[in-house]
Amino acid sequence: MTTPIKPVDRGSAIDRGFQALQRWSIRIIAIALALYLLGWAIGKTWVVWFPICLAILVVSVLAPPAKWLRDRGLSAGISAGVVMAGFLGIIAGLFWVVVPQLINEAPTIARQAAAGIGEIQYWLINGPLHVGERQILAALDSAETWLKNSAVELGTGVVTTLATAVSALFNIVIILMLSFMLLKDGHRFLPFVEHVAGQRVGQHITGALSRMWKTLGGFIQTQGLVAFIDAVLIGIGLIIMDVSLAIPLAVLTFIGGFIPIIGAFISGALAVLVTLVTNSPQDALIVLLIVVGVQQLEGNVLSPMLQGKSMNLHPAVVLLAVAGGGSLFGITGAFLAVPAAASAAALLRYLDEYLDKYEPTSNREDPDGSGGDPATDTSVEGAVQSLEGPQTPSTSV
């Protein structure tokens, strides 16, 4: 004899639904408030977190060669010192190549810029746009007036610029010192965390941190490779077109490659603008085609092939991360946004994989929700118990 199905009271069902909605709303509000407070705290202490974040990014690139040297028998301190010396040598070499070229070509660029502006003015008047000469003169007068009005601000800004330069130098020293310390002792961090947190909790903390570190290192290394290929291809194109400052523009392209989407656009636009001013509109159009072609190669071939395994983030997530980081923390926020998003995604994937192990059996074997065997039902409570350890059964008298 089958048990008759009891009718469901709609009022009770709606009441339970609103109770669940209330609980989830409180949780969502609490999480949003916590994230807001976390962002506010980071913003207030950004001067402390900025060198730490940059040092972590530097170490994510330099850690593999330092580990290779340690595996060959060198001490941790010597390995870190050798790797840091090589890193500083590369940076000094770039400055040695770029700075003299900037100094030597500055007068030539000034003359070419004056001639280029004249050619652009002639093209605007006699070209297909047929812009009136009075309009051009009015625009030039407005620019001259703006420069005169800004002279006082530029003069008072010298002190601010000097203070910024001193602060930047101080941050560079801190970043280098932190990088050396992390290279020297960073491999001892995870065992220390596991020892302090205990075996059960520590293994999950170290597992999540290892996953995040692997994702971060893979992103920085692959992004550096993609940026290097972009810089080489665009640099070759600029050299062929005989564009002034071809090498500095290629270096800027490499640096901009670490800021997805926005960095490539800014560095490419600057290369086209320099070509327009120093060469001709025809050369600028060719450089524009070169930049667009290289960026298409990056977006459709290099990034999916090289970054697919290391980051696995949707382009919309990348764009929103860059926009949000840039609006909150400026250019540094845009630079650090994607590594932070990739690390957070790695943490969420680890938690998702861990919770999948404790998915209720009734949900897998009884998708229609008709019921399951409570004795074989493994729930999220099991995940919590696995962290807390075995429980001692209580005895009643």
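Numbering (this note's numbering), first residue to last: 12 to 408.
From the three backbone atoms N, C-alpha and C, an ideal C-beta is built for every residue, glycine too.
Whether residue i touches residue j by CB criterion (9 Å)
i	j	result
F191	G92	yes
L313	I240	yes
I186	V109	no
D196	M252	no
A238	G213	no
Q33	P259	no
P350	F276	no
F340	L331	no
K78	H198	yes
Residue i, DSSP secondary structure in three states
i	result
R21	helix
D26	helix
N115	helix
M95	helix
D253	coil
L46	helix
S86	coil
F269	coil
H215	helix
T286	helix
L73	helix
L324	coil
A31	helix
T56	coil
Nonlocal neighbours in the same chain, by C-beta distance under 7 Å from residue i, ignoring five residues either side
i	result
G344	G336 and G337
I245	A261, T264, A282, I301, V302 and V305
R81	A87 and S90
L324	A352, A353 and A356
P385	The pLDDT assigned to P385 is 41, lower than 50, so where the model puts this residue is not dependable, and the model offers no usable value.
V328	A352
R375	Any reading at R375 must be qualified, since the residue scores a pLDDT of 47, below 50, and its modelled position is unreliable; the value itself is stated next. Excluding residues within five positions, none has a Cβ falling inside 7 Å.
A162	Note that A162 scores a pLDDT of 49, beneath 50, so its modelled location is shaky and nothing firm can be said.
L165	Per-residue confidence for L165 stands at a pLDDT of 44, beneath the threshold of 50, marking its modelled position as unreliable; no derived number is given.
P62	N182, I185, I186 and L189
C64	L347
I37	none
E116	S255 and L256
Q232	V72
Rounded Cβ spacing between residue i and residue j (contact assumed at less than 8 Å)
i	j	result
L189	A66	4 Å
S71	L201	Incorrect: roughly 14 Å between the Cβ atoms, too far for contact.
L194	L99	Going by Cβ atoms, the distance from L194 to L99 rounds to 13 Å, so no, they are not a contact pair.
R222	Y361	5 Å
I266	V333	15 Å between Cβ atoms; not a contact.
P76	V94	5 Å
Cut-off 6 Å between Cβ atoms - residues of its own chain near residue i, not counting five sequence neighbours on either side
i	result
A31	none
L398	In this predicted model, L398 has a pLDDT of only 49, less than 50, meaning its place in the structure is not dependable; the value taken from the coordinates is given anyway. Closer than 6 Å at Cβ, skipping near neighbours: R211 and V212.
T286	V254, D294, A295 and V298
I270	A345 and F346
A208	I216
E205	G213 and T217
Cut-off 8 Å between Cβ atoms - residues of its own chain near residue i, not counting five sequence neighbours on either side
i	result
D379	With a pLDDT of only 45 at D379, under the threshold of 50, the placement of this residue in the model should not be trusted, and no figure is reported.
S23	none
A257	G246, L249 and I250
I25	none
Start-to-end residues for the alpha helix (DSSP H) that takes in residue i
i	result
G304	P292 to L308
H206	F200 to A208
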